[in-house]
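Notes for the one structure printed next.
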Amino acid sequence: MTDRFHGRVAVVTGASRGIGLAIAKRLVSEGARVVVTGRRQEALDNAVQALGGPSSALAVPGHADDPTHQQDVYERAAASFGRVDVLVNNTGINPYAGPTMETGLEAARKLFEVNVLALLGWTRLFSEQLAGGAGVAVNVASVAGLRPTNGIGVYGASKAAVIALTSQLAAEYSPGLRVNAVAPAVVRTKFAGPLFEGREEAVAAAYPAGRLGEPEDIAGAVAFLASDDAAWVTGQTLVVDGGLTLNGGV
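Numbering (the working numbering), first residue to last: 459 to 708.
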C-alpha cells in the first residue's frame, strides 16, 4: 500500500461493518487516522480493534441524522486527532422493499432523512470546520440512483438525490472542498443480502465481471477519490458495478 493519507484524518459514517468498515480499513492502511460512526457501541469497538486500536481509530456512536451526534463527532475528532481532512458519507438505510407506490410515507421520510438530509448536514459541518483549508468529501450513492430499479424505488430516488447533491455541492464549495461520489451495484454485505442471498450465482450472471462486488472494491474507489491522485476530480460519480449497467440492468 501507498502512504497517500499520512497525517490525514477521516470521518467515515456507518463504518461498523460492510462497505464503511472496508473504507476505514483502506484509509488506515494508507496512513490515515479515522473516526468511525454507527448506532451500536459494541460493533464500533470491534471496528476500532480491527483498525489498529485507539492510535488509529476513534468510535463515536449515534444516529447519522442526529445533528447533535454530527457535531459531537467533529468535536471529538478535533480533540483526539486535531482536525478532519476527509469525510466519507457512507450511512444508508432501506427500510422497505416492494412497489414504490406502496411505500409508507413515514418510511420514505426516514429514508430521505438518513440517506440525503443527514449527508447534507455532515457536509455542511465539515465545510465549516475546514476554516479556509482544503478538504475532500466522498458520498456513497448507488447504481439504483441512475435508473429505475424494481423493489427499491424510494431508495433509488434517495440515491439519485445523493448524486445530484454531489455535483451541486462540488460546484458551490470548490475549490476548498472537493466532492465526489461512488455508485456501487450489488456488493456482498449484510445490508444488500436480500438482493442476492440464495441466488448469488444467478444474480452475478448479469455482471460482465462475473461476480458481485466486495466491500474492498468500493473502498479502493473511495480511496482514489479521497486522495491527491484525484486532485482534479470534483462533482463526479464513479460507477463501480462490475459492468452491470453496460447491459442496461441494475
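We put the beta carbon where it would ideally sit given N, CA and C, even for glycine.
Opposing strand residues paired with residue i [DSSP bridges]
i, result
"Ala639", "Asn597, Thr695"
"Ile610", "Gly556"
"Pro652", "BP columns for Pro652 are empty, so no partner."
"Pro519", "Gly496"
"Ala602", "In DSSP, Ala602 forms no bridge with anything."
"Leu545", "Val469, Ala595"
"Val645", "Gly671"
"Arg534", "In DSSP, Arg534 forms no bridge with anything."
"Arg491", "Val467"
Given residue i as reference, the closest of the options once Cα atoms are compared
i, options, result
"Arg497", "Asn705, Ala473, Ala622", "Ala473"
"Arg567", "Leu578, Gly579, Pro553", "Pro553"
"Ala595", "Leu702, Gly706, Ala689", "Ala689"
"Asp524", "Val574, Ala664, Pro557, Ala555", "Val574"
"Ala536", "Gly668, Val612, Ala622, Leu588", "Leu588"
"Arg669", "Pro652, Leu683, Leu653, Val645", "Val645"
"Val467", "Gln499, Val493, Phe649", "Val493"
"Asn597", "Gly465, His464, Ile477", "Ile477"
"Pro633", "Gly590, Phe539, Ser616", "Gly590"
"Ala599", "Gln626, Thr561, Gly550, Glu630", "Gly550"
"Thr647", "Arg475, His464, Gln499, Thr471", "Arg475"
"Leu479", "Ala501, Glu586, Glu655", "Ala501"
Same chain only: Cβ atoms within 8 Å of residue i, ignoring 5 sequence neighbours per side
i, result
"Arg462", "Glu488, Gly489, Ala681, Ser685, Asp686, Asp687"
"Val698", "Val640, Ala641, Pro642, Ala643, Gly671, Asp675, Ile676, Ala679"
"Pro666", "Gly700, Gly701, Leu702, Leu704, Asn705"
"Thr561", "Tyr554, Gly611, Val612"
Nearest-angstrom Cβ-Cβ length linking residue i and residue j, presumed shorter than 8 Å
i, j, result
"Lys483", "Ala508", "7 Å"
"Leu545", "Asn638", "The Cβ separation is near 11 Å, so there is no contact."
"Ala555", "Gly609", "5 Å"
"Thr558", "Gly611", "3 Å"
"Ser616", "Leu683", "That pair is no contact at about 20 Å."
Own chain residues within Cβ distance below 6 Å of residue i, not counting five before or after
i, result
"Ser514", "Val486, Arg491"
"Arg534", "Val518"
"Gly614", "Ala602, Gly603, Thr607"
"Ala618", "Gly603"
"Glu571", "Asp523"
Nearest-angstrom Cα separation, counted from residue j out to residue i
i, j, result
"Asp543", "Arg582", "14 Å"
"Leu516", "Val620", "26 Å"
"Val469", "Thr460", "20 Å"
"Thr692", "Ala592", "13 Å"
"Arg541", "Val506", "19 Å"
"Tyr532", "Pro652", "34 Å"
"Glu658", "Leu577", "31 Å"
"Thr495", "Ile481", "12 Å"
"Gln529", "Pro673", "28 Å"
"Asp503", "Asn548", "18 Å"
"Phe584", "Phe649", "27 Å"
"Arg636", "Ala628", "6 Å"
"Glu630", "Pro512", "35 Å"
"Ala622", "Leu563", "22 Å"
"Ala663", "Glu586", "45 Å"
"Gly425", "Ala565", "Coverage of the chain is limited to positions 459 through 708, which leaves residue 425 absent and any answer about it impossible."
"Thr624", "Gln694", "7 Å"
Residues near residue i by beta carbon distance below 7 Å, same chain, minus five either side
i, result
"His527", "Gly520, His521"
"Trp580", "Thr471, Gln528, Leu545, Asn547"
Beta carbon proximity, residue i to chain C, threshold 8 Å
i, result
"Leu588", "The chain labelled as chain C is not found in the depicted structure, where only one protein chain is given."
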